[in-house]
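Notes follow the structure.
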Amino acid sequence: MRSAAARHSARFIGRRRLSPFSSPLGPAPPLTSWTGAGAVPLFLVSRPTSGLAGTLAERQDAESSEKEPHRTGEGALREETQFLDLQSLIRQLRDELPARPSKGDPISGEVVAKITKMLQNTKLNPREWRQHAVYRRGRYTRNIVGYSPNQFVALLLCWERGQQSPIHDHTGAHCFIKMLSGKLTERHFAWAPDGSAGPEADAEPLTMDASVPSMSVGFMHDSLGLHRIENPSSEEAAVSLHIYSPPFQECLVFPPTGGPPRTAPMVSVFDSGSEGQPQASPTGGRESLGAPQSLHDFCMGLSEQSQKQEAGTRLDSNVVMDLLLPTDMSPMEWASFASPAHFSEFHPVQHVIHCDDEFSVIVTCWSPGQFVPAHTVGRGRAMWLKVVHGNLCYEEFSGGLFPWENGVESQKVLAEGSTSSMEECGVRLHRLVNQSDNQPAVSVQVFSPPLTQFTFNTVNGTERKDIHRLLGQGGVAAPVAAESMAASMRGLVRTAGCWYLSFSGLKGLLQGELSRPDASDAAVSALLRKAVFNPDEWRERLVQGAAPGAQSLAMSDGEPSIAGVPTPRYVLLAQEKHYTMLLAFWEHRSHEHCVAHIRSSGRSWTLVLEGELEERTFFQGSQGPELRRAGTLKEESLSFVRNPPPASGGGSPHSEWTERSHESDSPCVSLHIYCPQLPEVS
């Protein structure tokens with residue numbers, strides 16, 4: 001006889017705590033009555049008028065009717081809304097904007113209309129873009145979030161209360177503005193005959209409002225004149241996404257009282273070296289092993305070498321050094337990973353350009369004087385580093401009882417072109433510094449096991465920082481960051497950090513993994529544990545399920561419904577060959593339990609997006625049901641359950657099952673994935 005452990009395996013996987021969604025949740029809507037043996041409703045079949053879904057429905061109906069009178073039909077806005085992560089948006093921009101725009105190109109009405117509509121209908125995850133937000137009292141700030149060489153640059157601009165830009169032009173580029181938070185006003189100015197700023201062209205400024213899709217996007221071009229942007233609020237900061245096509249490094253700034261303009265930089269670091277690209281030395285004290293290779297070749301070489309290794313063994317450090325030593329960046333890679341737009345005036349800019357099961361590769365752009373706070377990379381993790389431009393200093397700290405008691409124990413100058421292996425950085429507190437007052441630096445770091453999140457020791461305590469995947473690169477550099485990241489879902493098992501996703505993005509990743517003959521449960525669990533979804537998306541899905549005429553589906557659990565006990569309401573997100581994905585809304589009414597009995601073989605994952613659930617697993621023993629495991633799934637917690645196939649030779653088709661209940665006064669939303677698919681969903 002199999003042991004209990006063999007018959008049933010259940011794990012509760014803890015998640016990091018993130019900032020909870022700030023909007024308060026109202027009381028849950030009343031349940032639609034549901035009758036019929038063993039049926040649990042999928043999709044909401046009546047429109048709620050209160051609570052989580054009802055509040056959203058009322059708000060969106062009001063916006064559609066009051067602020068967007070040109071739209072007709074209930075739910076027109078919702079049908080067009082696309083929830084995207086930044087990477088997906090940048091990819092769409094790369095596909096839709098002209099591939100090789102030139103400064104001064106005339107306005108293309110078709111392109112402007114297409115990009116404007118796309119941006120109006122796009123909702124980005126605030127948790128993602130806030131990672132890039134930097135505020136300063138004295139002025140608004142700019143930080144890069146996407147880039148495609150010679151095509152466009154995407155910058156996140158943060159505006160404190162009352163801040164404004166000067167009157168300026170755009171050096172012949174097309175400028176799109178997408179509001180992410182708050183409101184901005186835009187004032188247009190005509191060109192004066194002498195090339196200075198003329199009078200204001202509009203009687204009233206134009207308002208861009210993040211809360212109204214039809215007012216959330218603006219466009220500007222030099223043929224339309226000059227403009228000035230301002231945050232008019234005295235209470236609320238504003239955040240906007242600006243797309244400039246083609247990218248430019250400087251613009252003209254005009255005094256408000258007239259007079260000739262001056263040239264102002266748009267980036268903190270200007271091109272250096274031949275043809276705008278820094279030149280790195282091919283060797284760092286060791287003899288070159290051959291002609292320089294690109295970063296793409298280096299990353300592919302790492303993957304090939306790691307595939308040759310036996311399972312459980314690490315690639316020899318000298319092999320990595322020999323691969324890294326002749327590595328340089330091709331012109332396209334310089335433009336993709338280390339253009340002037342990639343440097344920040346506030347902190348070093350780090351991007352993951354490659355991540356697989358064994359390695360992550362990070363390119364860092366250092367402005368003069370910048371450093372990363374003291375940190376370790378974890379016991380057992382190795383780091384290799386090459387300085388491809390400028391000079392860096394590696395500092396190790398002495399051990400103290402507290403981080404602020406640590407002093408610099410040793411320093412090592414890493415000259416341009418040098419390649420180093422740093423095995424001890426896993427346990428020794430250290431940092432990298434660009435000590436130059438006027439020269440930028442660029443470095444390539446390799447970590448094994450892969451690293452995608454740093455843990456820094458600062459005066460404010462421990463701070464964790466995700467390293468973002470580089471967005472929008474193209475040409476020969478694309479496979480480095482795009483293909484390898486898309487194919488490296490299993491590399492997430494060994495990394496920390498977040499992965500910002502939409503449900504459609506999750507669907508694509510699950511399809512790729514669960515359709516494999518060697519599908520990895522650990523990879524799916526790691527993906528869900530790191531996934532961060534947009535709260536507006538799951539609320540929107542619930543609203544859509546509540547719309548009149550929404551299809552009503554049912555999932556049978558093989559048991560009659562429990563009289564008087566409400567069941568969760570499900571929205572079907574995906575019914576694929578290898579899995580089923582559901583969104584569940586739970587409520588508490590009259591102190592009753594909202595219960596779902598799931599009897600299915602195979603594997604299932606439950607991710608609590610909001611609220612909390614009680615989960616219990618049972619086994620049908622000879623004396624009746626036996627409780628195997630019980631636990632509370634709090635917000636952002638993940639549960640994985642593996643059930644055996646149905647017993648052969650008759651008897652109960654499923655001797656083990658999972659019961660989930662919700663007892664809190666606040667609603668709960670959960671995401672469920674079943675593999676193989678649930679045949680009962682139809």
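Quick note: the sequence shown uses full-length UniProt numbering, first residue 1, plus one each step. Don't be surprised by glycine CBs; every beta carbon is placed ideally from N, CA and C.
Using the Cα positions of residue i and residue j, report the straight-line distance between them to the nearest angstrom.
{"i": "Ile115", "j": "Thr171", "result": "20 Å"}
{"i": "Leu124", "j": "Lys178", "result": "10 Å"}
{"i": "Gln575", "j": "Pro676", "result": "10 Å"}
{"i": "Ser436", "j": "Met321", "result": "26 Å"}
{"i": "Lys577", "j": "Ile673", "result": "13 Å"}
{"i": "Asp328", "j": "Val388", "result": "7 Å"}
{"i": "Leu206", "j": "Met220", "result": "12 Å"}
{"i": "Leu323", "j": "His296", "result": "12 Å"}
{"i": "Ala237", "j": "Glu204", "result": "22 Å"}
{"i": "Phe176", "j": "Asn460", "result": "37 Å"}
{"i": "Gly621", "j": "Arg628", "result": "11 Å"}
{"i": "Glu395", "j": "His468", "result": "24 Å"}
{"i": "Gly301", "j": "Ser294", "result": "11 Å"}
{"i": "Phe254", "j": "Phe248", "result": "17 Å"}
{"i": "Trp334", "j": "Ala630", "result": "53 Å"}
{"i": "residue 688", "j": "Asn391", "result": "For residue 688 there is no data in the structure shown, the boundaries of the chain being 1 and 682."}
{"i": "Val112", "j": "Ile243", "result": "12 Å"}
{"i": "residue 687", "j": "Leu325", "result": "Because the chain spans 1 through 682 in this model, residue 687 falls outside it and cannot be assessed."}
{"i": "Ile90", "j": "Ser443", "result": "24 Å"}
{"i": "Gly75", "j": "Leu573", "result": "Annotation note: pLDDT 41 at Gly75 (below 50); position unreliable, no value reported."}
{"i": "Ile598", "j": "Pro667", "result": "20 Å"}
{"i": "Leu156", "j": "Glu540", "result": "25 Å"}
So, for residue i: in the same chain, excluding its five sequence neighbours on each side, which residues have a beta-carbon less than 6 Å away from its beta-carbon?
{"i": "Lys634", "result": "Glu612"}
{"i": "Asn643", "result": "Ser601, Glu656"}
{"i": "Gly497", "result": "Thr452, Gln453, Asp466"}
{"i": "His227", "result": "Glu186, His188, Met220"}
{"i": "Ser303", "result": "Asp356"}
{"i": "Ala382", "result": "Glu423, Ser448"}
{"i": "Thr141", "result": "Val134, Cys158"}
{"i": "Gly475", "result": "The predicted model places Gly475 with a pLDDT of 35, which falls under 50 and marks its position as unreliable; any figure quoted below should be read in that light. The residues are Met332."}
{"i": "Arg136", "result": "none"}
Going by beta-carbon coordinates alone, are residue i and residue j separated by less than 7 Å?
{"i": "Ser360", "j": "Phe447", "result": "yes"}
{"i": "Cys393", "j": "Val363", "result": "no"}
{"i": "Val595", "j": "Leu583", "result": "no"}
{"i": "Asp521", "j": "Arg603", "result": "yes"}
{"i": "Asn121", "j": "Thr81", "result": "yes"}
{"i": "Leu678", "j": "Thr580", "result": "yes"}
{"i": "Trp366", "j": "Asn438", "result": "no"}
{"i": "His174", "j": "Ser245", "result": "yes"}
{"i": "Ala201", "j": "Gly218", "result": "no"}
{"i": "Met154", "j": "Gly162", "result": "Residue 154 is actually Ala in this sequence, not Met. Contact flag unset, no."}
{"i": "residue 763", "j": "Arg127", "result": "Because the chain spans 1 through 682 in this model, residue 763 falls outside it and cannot be assessed."}
{"i": "Ser336", "j": "Leu385", "result": "no"}
{"i": "His662", "j": "Trp586", "result": "yes"}
{"i": "Glu250", "j": "Gln164", "result": "no"}
{"i": "Arg660", "j": "Glu615", "result": "yes"}
{"i": "Glu345", "j": "Ser306", "result": "no"}
With a cut-off of 8 Å on the beta carbons, I'd call residue i and residue j a contact; round off their distance for me.
{"i": "Val239", "j": "Cys355", "result": "Their Cβ separation, rounded to whole angstroms, is 28 Å, which puts Val239 and Cys355 out of contact at 8 Å."}
{"i": "Leu638", "j": "Leu528", "result": "5 Å"}
{"i": "Gln151", "j": "Pro106", "result": "Wrong, their Cβ atoms sit about 17 Å apart, outside the cutoff."}
{"i": "Ser234", "j": "Lys183", "result": "No, Ser234 and Lys183 are not in contact; Cβ-Cβ is about 12 Å, not under 8 Å."}
{"i": "Thr658", "j": "Thr617", "result": "5 Å"}
Beta-carbon within less than 8 Å of residue i's beta-carbon, same chain only, minus the 5 sequence neighbours each way: which residues are those?
{"i": "Asp536", "result": "Phe83, Lys123"}
{"i": "Ser410", "result": "Glu395, Glu396"}
{"i": "Asn501", "result": "Note that residue 501 is Leu in the sequence shown here, rather than Asn. Excluding sequence neighbours, Leu501 sits near Asp85, Leu509, Ala531, Val532, Phe533."}
{"i": "Leu252", "result": "His168, Asp169, Thr171, Pro261, Arg262, Thr263, Ala264"}
So, at 7 Å on beta carbons, what are the nonlocal neighbours of residue i in its own chain, with the 5 sequence-adjacent residues on each side left out?
{"i": "residue 683", "result": "For the chain, the structure presents residues 1 to 682; residue 683 sits outside this window and is missing."}
{"i": "Glu513", "result": "Met489, Ala519, Ser520, Ala523, Val524"}
{"i": "Pro368", "result": "Asn434, Ser436, Asp437, Asn438, Gln439, Pro440"}
{"i": "Ser216", "result": "Gln120, Lys178, Met179, Met208, Asp209, Ala210"}
{"i": "Pro256", "result": "Ile167"}
{"i": "Leu607", "result": "Leu528, Leu638, Ser670, Leu671"}
{"i": "Ser190", "result": "The question names Ser, but residue 190 in the sequence shown is Ala. Answer for Ala190: Gly198, Pro199, Ala201, Gly225, listed in chain order."}
| query | Touching or not, the segment 316-326 and the segment 334-348, by the rule of three or more beta carbon pairs under 8 Å? | reply | no
| task | Count the CB pairs spanning the segment 378-389 and the segment 161-171 that are closer than 8 Å, and state whether there are at least three. | result | Counting Cβ pairs under 8 Å, fewer than three are found: no touch.
| How about the segment 95-108 and the segment 499-510: do they share at least three Cβ pairs that are nearer than 8 Å? | no
| query | Would you call the segment 198-211 and the segment 127-137 in contact, with 3 or more CB pairs under 8 Å? | reply | no
| message | Under 8 Å: do the segment 365-375 and the segment 455-465 share three or more Cβ pairs, one atom per stretch? | response | Counting Cβ pairs under 8 Å, three or more are found: they touch.
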